[in-house]
Amino acid sequence: DIRSLGGGVFMLVGGGGQIFRSQDGGREWRRIDVNLTSPLIAVRFNTATTGVIISNTGDILRSEDGGESWKYQPAVAGSLINSVTSGKARLYMAASGGALLYMNF
């Protein structure tokens, strides 16, 4: 998943727990190590500084500094997450077994 934070700043997440941040419109990318190996399926920001990353195993990473650093939060209800969408300051997650989860961020 990739998101623009505005001002040429982009966040990119993907397989193997990989997180990348660009400050120059995507010309160069810096990897951010978070010591997580599960596939990251979504990155969302509700402001230029506050954001979350969700893994397919429900792990949550939270940033308060525009994606420069990330703090781990426990997994969401032990569910496999299939899809993520957001609105204002809330995340909605479709999970295994037909569960629909949400969280404020």
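If you use our numbering, the sequence shown corresponds to residues 1 to 105, in order. Backbone N, C-alpha and C define an ideal beta-carbon position, used for all residues, glycine too.
Cβ pair residue i, residue j closer than 8 Å
i, j, result
"Ser86", "Arg44", "yes"
"Ile19", "Ile2", "no"
"Thr37", "Gly67", "no"
"Val52", "Leu80", "no"
Beta-ladder partner(s) of residue i, from DSSP
i, result
"Asn56", "Paired residue(s): none; Asn56 is not in a bridge."
"Ala42", "Ile54"
Continuous beta strand (DSSP E) stretch holding residue i: start and end
i, result
"Thr85", "Ile81 to Gly87"
"Ser22", "Gln18 to Ser22"
"Ala48", "Run containing Ala48: none; DSSP gives neither H nor E here."
"Asn35", "No beta strand (DSSP E) holds Asn35; DSSP gives it neither H nor E."
"Gly6", "Ile2 to Gly6"
"Arg90", "Arg90 to Ala95"
"Phe10", "Val9 to Gly14"
Checklist line | Inter-stretch contact at 8 Å, needing at least 3 Cβ pairs: the stretch 88 to 100 / the stretch 64 to 73 | finding: no
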